[in-house]
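In what follows, a structure is listed as structure tokens, so that the remarks can point back to it.
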Amino acid sequence: MSVKRAPGFENPGQVDAVSSDHSVVWVNLDGGRGRTLVHCGDGVEIVRQES
-8 MSVKRAPGFE
2 NPGQVDAVSS
12 DHSVVWVNLD
22 GGRGRTLVHC
32 GDGVEIVRQE
42 S
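Numbering-wise, the working numbering puts 2 at position 11 of the sequence shown, and it's gapless, one number per residue.
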């Protein structure tokens, strides 16, 4: 999957955890770049990528 923050800014990774109300997603970023939290109010798009 990929987190699209703004046009041209994508962060590929894997979903690590989702909150029980689905408002928060933790994403392990590819390339050892750590983990990031995405909130439903952040204005980002989470896109599934073909394997």
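From the three backbone atoms N, C-alpha and C, an ideal C-beta is built for every residue, glycine too. For clarity, every value in this text was computed on a predicted model and none was experimentally measured.
Could you tell me if residue i is buried or exposed, where buried requires 16 or more neighbouring beta carbons within 10 angstroms of its beta carbon?
{"i": "residue 9", "result": "exposed"}
{"i": "residue 4", "result": "buried"}
Using 8 Å as the threshold, is the C-beta distance between residue i and residue j below it?
{"i": "residue 29", "j": "residue 38", "result": "no"}
{"i": "residue 6", "j": "residue 35", "result": "no"}
Going by DSSP in three states, residue i sits in which element: helix, strand or coil?
{"i": "residue 23", "result": "helix"}
{"i": "residue -1", "result": "coil"}
{"i": "residue 33", "result": "helix"}
{"i": "residue -7", "result": "strand"}
Compute the Euclidean distance between the alpha carbons of residue i and residue j, then round it to the nearest angstrom.
{"i": "residue -3", "j": "residue 25", "result": "20 Å"}
{"i": "residue 33", "j": "residue 14", "result": "10 Å"}
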